[in-house]
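Undergrad: Here UniProt numbering is used: the first residue of the sequence shown is 1, the next is one more, and so on.
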Amino acid sequence: MDTGAIVISVLSLVGAVAAALFTGYITYAADERKRRQEIRAQVQKYSDPLLISAYDLQERLMDLLGGDIGKWERQNPNGAENLDMFTCYLFAQFLAWTYILKIKAQYLAFSEDKSTSELRAILYKISDELSTARYPENGREFRLWPGHQLGIAEMMVADDKANEEYARPLGWYQFKKKYNGDEELQKYFNWMRKSVTHVLDAQYRKTDVPDQRIRRLQHFLIDLIVILDPTGRTQADRPFEKCGSATECDCASPHCNGTGLVIKRAHRARRARPQHPAKDVKREFEPQRAI
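(1) Below 8 Å on the Cβ atoms is my contact criterion, and I expect L224 with I122 to pass it. Report the Cβ-Cβ distance as a whole number of Å.
(2) Taking the DSSP output, what are the residues bridged to V157?
(3) Contact between the stretch 74-81 and the stretch 133-150 is defined here as three or more beta-carbon pairs at a separation below 8 Å; is this criterion met?
(4) Sort I263, K176, L228, H255 by Cα distance to S115 and report the nearest one.
(5) Just verifying my parser: in three-state terms, what is the DSSP assignment at V209?
(6) Identify, in the order they occur along the chain, each residue of the same chain with its Cβ nearer than 7 Å to the Cβ of C243, setting aside the five sequence neighbours on each side.
(7) For F189, which residues of its own chain have a beta-carbon under 6 Å away from its beta-carbon, when the five flanking residues on both sides are left out?
(8) Note down, in chain order, each residue of its chain lying with its Cβ closer than 6 Å to the Cβ of residue 322, except the 5 sequence neighbours on either side.
(9) Answer yes or no: do P169 and A96 have a C-beta to C-beta separation smaller than 7 Å?
(10) Can you tell which of E184, I26, P230 has its C-alpha closest to the C-alpha of L119?
(11) Return helix, strand or coil for S253, following the three-state DSSP convention.
(12) Can you tell me which of the three DSSP states F142 falls into?
(13) Buried or exposed, going by whether 16 or more other CB atoms sit within 10 Å of the CB of S53?
(14) From K178 to F142, what distance separates their C-alpha atoms?
(15) Tell me whether the beta-carbon of V199 lies closer than 7 Å to the beta-carbon of D208.
(16) Count the other CB atoms, across all protein chains shown, that sit within 10 Å of the CB of Y173; report buried if there are 16 or more and exposed otherwise.
(17) Distance check for I263 and R193, CA to CA, integer angstroms please.
(18) Could you give the distance in angstroms between the alpha-carbon of Y204 and the alpha-carbon of G151?
(19) Based on Cα-Cα distance, which residue from A16, R134, L101 lies nearest to V157?
(20) Where F91 and E248 are concerned, what is the direct C-alpha to C-alpha distance, given to the nearest angstrom?
(21) Can you tell me whether K242 is helix, strand or coil according to DSSP?
(22) For T259, which residues of its own chain have a beta-carbon under 8 Å away from its beta-carbon, when the five flanking residues on both sides are left out?
(23) Could you name the residues of the same chain whose beta carbon sits closer than 6 Å to that of P146, not counting the 5 residues immediately before and after it, in chain order?
(24) Mind pulling the alpha helix (DSSP H) runs of 4 or more residues that sit fully within the stretch 47-117?
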């Protein structure tokens, strides 16, 4: 074979490989673009119910912090149920919508989208705030362990065979029926129901109110509402405001002071990420610092 034929053969081979690589890249890029469009569609689809759920929950926390509903409602059987059981339902509904959004949107897995990154970050802060044990006695109330948050969310998703395309949480009546017949669900909410009583008792006795966690949660829920509704449509229809700040709060408000919490949350987030096996072996013998 002469030199010219060899050169032609090599060029043909290179061209074929380049064409295959280019075709593969185009296919991958198209598939990736389609995947991101589908995720955005799911985020958009479930953002409104999550927005309404966040609004309802922050409004309930505001009511508990204000102390305006406690005295009369505790003297009335229906009011007492509204105070503790319906508060549990509002938490459960919010956790369920959050869970549904994460599942449907593949755990919000495209960080280059700014709005989705902000959404993922605030949902992490809310979950972390619910579960953390870093606070002293005035912040222990309303704690939900991570496994309990997930268990509540999973049990709250309705099994709707007639409308499988659209996931939704259980309604209030369905929640009450399930709660009364499910000891596991009762266990998950036992501390939360006691927490409502502790907060209202402290307000009535004018002692130190254990409300630090729910003050931060109310602020984070407002931040979530702003992310989900940047146009302010919700605020125009149903005005809201942030409650008085906790001692430390790392929400988006410039009036809150939470530098220490920012560092602690970042540390917890780093510890939660998968690490290189070699690093894991080394850290096995290092003492764990409590936060």
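C-beta atoms are modelled at their ideal positions from N, C-alpha and C, and glycine is treated no differently.
TA: Taking the coordinates as given:
(1) 5 Å
(2) P169
(3) no
(4) L228
(5) coil
(6) M62, L65, R215, Q218
(7) C88
(8) Outside the shown range of the chain (1 to 291) lies residue 322, about which nothing can therefore be said.
(9) yes
(10) P230
(11) coil
(12) coil
(13) buried
(14) 21 Å
(15) no
(16) exposed
(17) 31 Å
(18) 33 Å
(19) L101
(20) 23 Å
(21) coil
(22) D250
(23) S131
(24) 70-74, 77-104
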